[in-house]
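Accompanying notes for the structure given below.
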Ligand code: SF4
Ligand code: SF4
Ligand code: FES
């Protein structure tokens, strides 16, 4: 099978910035994108930089952007990628500094990882033999323990793209590994840590990390679980939590989202940080987003607001959606 590759190149020593190279290689039908790139490196261009090890979707070292999406090159069939166009476009993963060609610097990823204190913090004397844990609790944690630290979610994260200080999906998924562990007793400390700017509230729920994760870790789900744990644990003092509350209140009372009040209510009316949001508000007004508030009044209700209220009430007071979707400590389903 003939595979055409368009590869984004960068060599800091060349001083010529980034550029594209194209290759055509002959590989078997079952070849992966990684096999094709190795073919390039071995037989066409030995200068191509790429990182790989296990070639079996285990070590996590070959994450890169293939046809616009973060993927493990070793479990992505070249044939499938060719179906998306006549050339496979390969780039280094996003949101991380490029060292050379397809090799990115994982240091920022590991720094974020350390930031969440990724180790068990039990209290009291250590048990004589072992900690006894309800097996259901550990089964629940299997999902996050499946992470291979490939960084694909980090490379794809839309929030990280605009704010490099965001802790990011991989590290926050790891954080749930400990907030969800019955042996860990540092919840209060952890919640304060993850409540800070750049923490769990900075995720925009774009689902991209869930989509690209090759191991089904679903980082965004874990972030939502931590948020639920935090609110339940009484840690509510954040713009993120106020934003959620304001959002719900607006939809519940008026049947719509009152965008004009979201920022001041989330940040706090007297917070000087509101001033920094004015250019964004003006841009929104230009596109007509905020104008409805001015045209129809800040407290305008849609005619069917009452129905919306009953929907919101049913969601809030009905069966425990949060507990079912994002089980909390001690409430995990037997799976
Ligand atoms: S859902 Fe959140 S953490 Fe995941 S990619 Fe989107 S912004 Fe990033
Ligand atoms: S959560 Fe998934 S995508 Fe992110 S580092 Fe772990 S395995 Fe990779
Ligand atoms: S080479 Fe190990 S995950 Fe791809």
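Numbering (my numbering), first residue to last: 878 to 1212. Ideal Cβ placement from N, Cα and C applies to all residues, glycine included. A quick note: this is a predicted structure, and the numbers were derived from the prediction, not measured.
Enclosing beta strand (DSSP E) for residue 903 [first to last residue]: 895-903
Cβ distance (whole Å) where residue 958 is taken to contact residue 943 below 8 Å: 6 Å
Per DSSP, the bridge partner or partners of residue 882: 900 and 965
Assigned exposure category for residue 939 - 16 Cβ within 10 Å defines buried: buried
Nonlocal neighbours in the same chain, by C-beta distance under 6 Å from residue 880, ignoring five residues either side: 902, 904, 913 and 955
Any 3 or more C-beta pairs closer than 8 Å across the stretch 1050-1058 and the stretch 1032-1040: no
7 Å Cβ cutoff met for residue 882 and residue 900: yes
Contacting residues, own chain, Cβ-Cβ under 8 Å from residue 1193 (five flanking each side not counted): 1125
The beta strand (DSSP E) enclosing residue 946, as first and last residue numbers: 946-949
Distance cut-off 6 Å: residue 1090 Cβ against heavy atoms of ligand 2: yes
Neighbour-count burial assignment, residue 1131, 16 or more Cβ in a 10 Å radius: buried
Cα-Cα separation between residue 1027 and residue 995, rounded to whole angstroms: 16 Å
Distance between residue 1183 and residue 1047 (C-alpha atoms, nearest Å): 40 Å
Residue 1128 - containing beta strand (DSSP E), residue span: Note, residue 1128: premise wrong, no beta strand (DSSP E); alpha helix (DSSP H) at 1116-1131.
Heavy atom of ligand 1 within 6 Å of residue 1066 beta-carbon: no
Nearest-angstrom Cβ-Cβ length linking residue 1061 and residue 997, presumed shorter than 8 Å: 5 Å
Residue 1119 to residue 1142 span [Cα, whole Å]: 7 Å
Among 1140, 1081 and 1107, nearest to residue 1097 - alpha-carbon criterion: 1081
Backbone CA spacing between residue 964 and residue 1011 [nearest angstrom]: 51 Å
CA nearest to the CA of residue 921, picked from 884, 949, 969 and 977: 884
Chain-order list of residues whose beta-carbon lies under 6 Å from that of residue 1154 (same chain, five-residue window excluded): 1140
Exposure of residue 878, with buried meaning 16 or more beta-carbon neighbours within 10 Å: exposed
Distance, residue 984 Cα to residue 972 Cα: 12 Å
Extent of the continuous beta strand (DSSP E) to which residue 942 belongs: 940-943
Closer than 6 Å: residue 1026 CB and nearest ligand 2 heavy atom: yes
Residue 993, buried or exposed, once every other Cβ within 10 Å from all chains shown has been counted against 16: buried
Expected contact under 8 Å - CB spacing of residue 1144 and residue 1151 to nearest Å: 6 Å
Pocket of ligand 3 defined by Cβ to heavy atom distance under 6 Å: 929, 930, 931, 932, 934, 935, 936, 937, 938, 939, 949 and 951
Selection from 1188, 948 and 1021 that minimises the alpha carbon distance to residue 1085: 948
Nearest-angstrom Cα separation, counted from residue 1179 out to residue 987: 48 Å
Short Cβ contact (7 Å threshold) for residue 1025 with residue 937: yes
C-alpha distance - residue 1007 paired with residue 1041, whole-angstrom precision: 40 Å
Assigned secondary structure, residue 1092 (DSSP; H/G/I helix, E/B strand, else coil): coil
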